[in-house]
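Just remember that this note's numbering sits 38 ahead of the position in the sequence shown, which is counted from 1.
Just so it is clear, CB atoms sit at the ideal spot from N, CA and C, and this is done for glycine as well.
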Amino acid sequence: MEFLAHMFSGSFALYLMRLISPTSYEKTVLWVVLAMFFASMPDIDGFFGGTLADHHKSPLHKPIFWVGLGAIGYILSIGYGLFPSAYITIIMICVGIHLITDTITARTTGIAWLYPIIKKEYSLYTMDPSKGNFNIFAIRGKAFREYRKFYFQNEGLVIFEYSIFLLGVLTLIL
Ligand SMILES: [Zn+2]
Numbered sequence: 039m040e041f042l043a044h045m046f047s048g049s050f051a052l053y054l055m056r057l058i059s060p061t062s063y064e065k066t067v068l069w070v071v072l073a074m075f076f077a078s079m080p081d082i083d084g085f086f087g088g089t090l091a092d093h094h095k096s097p098l099h100k101p102i103f104w105v106g107l108g109a110i111g112y113i114l115s116i117g118y119g120l121f122p123s124a125y126i127t128i129i130m131i132c133v134g135i136h137l138i139t140d141t142i143t144a145r146t147t148g149i150a151w152l153y154p155i156i157k158k159e160y161s162l163y164t165m166d167p168s169k170g171n172f173n174i175f176a177i178r179g180k181a182f183r184e185y186r187k188f189y190f191q192n193e194g195l196v197i198f199e200y201s202i203f204l205l206g207v208l209t210l211i212l
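Okay, structure coming up:
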């Protein structure tokens with residue numbers, strides 16, 4: 039899934055959590071930044087030189103890594119009262135949405151949900167890793183143009199991604 043769609047999935051998630059629990063979640067700069075940052079944060083592994091097809095190999099795209107961090111966060115929050123547990127919950131939800139939408143929209147790399155027991159990367163559709171042989175932020179050049187052509191072939195996924203992006207923008211304005 040594209041970076042901006044990930045980012046705005048965070049503001050949409052925060053909006054839903056505000057509906058569910060208006061006393062725990064607020065529409066302040068801190069909450070919006072927290073939600074949008076963690077909704078897109080796993081993709082910073084692209085900064086470390088990996089290609090689009092293999093950037094999910096980093097811990098940031100491994101559910102077990104976030105389960106571990108979440109457990110530590112909840113211990114510090116509930117056990118030691120250092121900060122409200124709602125902060126950890128929104129981070130877990132936003133990262134969870136990132137990994138789920140990466141699985142749904144996977145074109146060149148999926149998510150290894152059962153890592154380290156099973157290293158297989160899961161995806162909703164059949165992937166073609168050969169189309170993702172460029173850095174995630176290298177949005178110029180032939181490889182990227184070919185990837186874009188491949189990306190727009192699956193219209194359902196494109197509509198899905200852009201809908202999430204638009205919902206995020208709308209809920210930020212509302
Ligand atoms: Zn990702």
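- Counting C-beta pairs with one atom in each stretch, the stretch 70–79 and the stretch 122–141 have three or more that are closer than 8 Å, which means they touch.
- Within 10 angstroms of the beta-carbon of alanine 43 lie 16 or more other beta-carbons, which makes it buried.
- In this structure, Lys100 is the residue among Lys100, Ile82, Leu205 with its C-alpha nearest to the C-alpha of isoleucine 156.
- Within the stretch 52–87, there are no complete beta strand (DSSP E) runs of at least 3 residues.
- Taking C-beta separations shorter than 7 Å and ignoring five residues to either side along the sequence, the partners of serine 123 in its chain run Tyr112, Ser115, Ile116, following chain order.
- Annotation for methionine 39: Thr139, Asp140, Thr143, Glu199 place their beta carbon closer than 6 Å to its own, counting only its chain and skipping 5 residues before and after.
- Residue range 123–142 is occupied by the alpha helix (DSSP H) that includes tyrosine 125.
- Here the distance from the Cβ of proline 101 to the nearest heavy atom of ligand 1 is not below 7 Å.
- Counting along the chain, no alpha helix (DSSP H) covers tyrosine 163, and no H or E run does either.
- Lysine 180 and leucine 57 have their C-alpha atoms roughly 44 Å apart.
- Within the same chain, Cβ atoms closer than 8 Å to the Cβ of aspartate 166 are found at Arg145, Thr146, Phe188, the five residues on either side in sequence being excluded.
- Nearest neighbour of valine 105 by Cα position, chosen from Lys158, Met55, Gly134, Leu204, turns out to be Gly134.
- Sequence-distant partners of glycine 84 (beyond 5 residues in either direction) whose C-beta falls short of 7 Å from its own C-beta, in its chain, are His93, Asn173, Ile174, Phe175.
- Rounded to the nearest angstrom, the gap between the Cα atoms of tyrosine 153 and valine 207 is 33 Å.
- In this structure aspartate 81 is in contact with phenylalanine 41, their Cβ atoms being roughly 6 Å apart against a cut-off of 8 Å.
- Per DSSP, the beta bridge partners of isoleucine 149 are Tyr160.
- In the DSSP assignment, threonine 89 forms a beta bridge with Asn173.
- The beta carbon of lysine 169 sits closer than 7 Å to the beta carbons of Arg145, Thr146, Glu184, Tyr185, Phe188 from its chain, once the five residues preceding and following it are set aside; these are given in chain order.
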